[in-house]
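*Asks:*
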Amino acid sequence: MAKYYNQSGFTLVEMLIVLSLFMTIFVVTLPLNDDVYEKLEVRQFLDTLEMDILYMQNYTITYQSEVRLVFQPDNHSYHLIDTKRQVKLMERSYPRTIELNLNVFPTRFAFNLTGTLRTPGSFLVNTRAESYKVTFPFGKGRFYVTKQS
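Taking the working numbering, the leading residue of the sequence shown gets 556, the next gets one more, and so forth.
See the structure below:
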């Protein structure tokens, strides 16, 4: 005679153990996502700023027209202005979690018609967890970003 075993599902204790494991994993990883999200926001802001500054430099050389970068920290935005044509080329906003410290940054940031900087400077990008320094060295048409400790 063959014996048949009746296994219709999991016991209540087994289900509670599995659910408690899933909830523990969920609760542990949820706060990590906020930090990751903030880091991605900062990275995206810095990448976008880099592309906009390269566009500004390229536009200045191509059209032989001065373009100014104007930050508006109160509005969490910045824009590019073609001073020759008196036209706003673009305006960008950035997340409220990012604060800019422009104390040592020139108010009239622009490139010469050859693509080099008119006035060097630097500014700080601050978040809750990290701080970055964006530096524009003298005599160069480049800039770099360093993470502050």
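We put the beta carbon where it would ideally sit given N, CA and C, even for glycine.
1) Got a sec? Which residues, its chain only, sit under 7 Å from V625 by beta carbon, not counting five neighbours each side?
2) Under three-state DSSP, which class holds Y649?
3) Does T566 pass the burial test, meaning 16 or more other C-beta atoms within 10 Å, or should it be called exposed?
4) Can you check the stretch 658–691 for any beta strand (DSSP E) of at least 3 residues that lies completely inside it and give the ranges in chain order?
5) Please name the residue in E654, D629, E646 whose C-alpha comes closest to that of M611.
6) So for E654, helix, strand or coil by DSSP?
7) Let me know the secondary structure DSSP gives R640 once reduced to three states.
8) Just confirm the distance between the C-beta atoms of K695 and T671, as a whole number of angstroms; I'd bet it's less than 8 Å.
9) How would you write the range of the beta strand (DSSP E) that F693 sits in, first residue to last?
10) So Q627 is in the beta strand (DSSP E); what residue range does that whole segment cover?
11) Buried or exposed, going by whether 16 or more other CB atoms sit within 10 Å of the CB of V642?
12) Just grab the DSSP bridge partners of V700 for me.
13) Kindly indicate which three-state DSSP category S632 falls into: helix, strand or coil?
*Replies:* This is what the structure gives:
1) Taken in chain order, the residues that qualify are Y633, H634, I636.
2) Of the three classes helix, strand and coil, the one that applies to Y649 here is coil, per DSSP.
3) exposed
4) 676–681, 686–691
5) E646
6) strand
7) coil
8) 7 Å
9) No beta strand (DSSP E) holds F693; DSSP gives it neither H nor E.
10) 622–627
11) exposed
12) V689
13) strand
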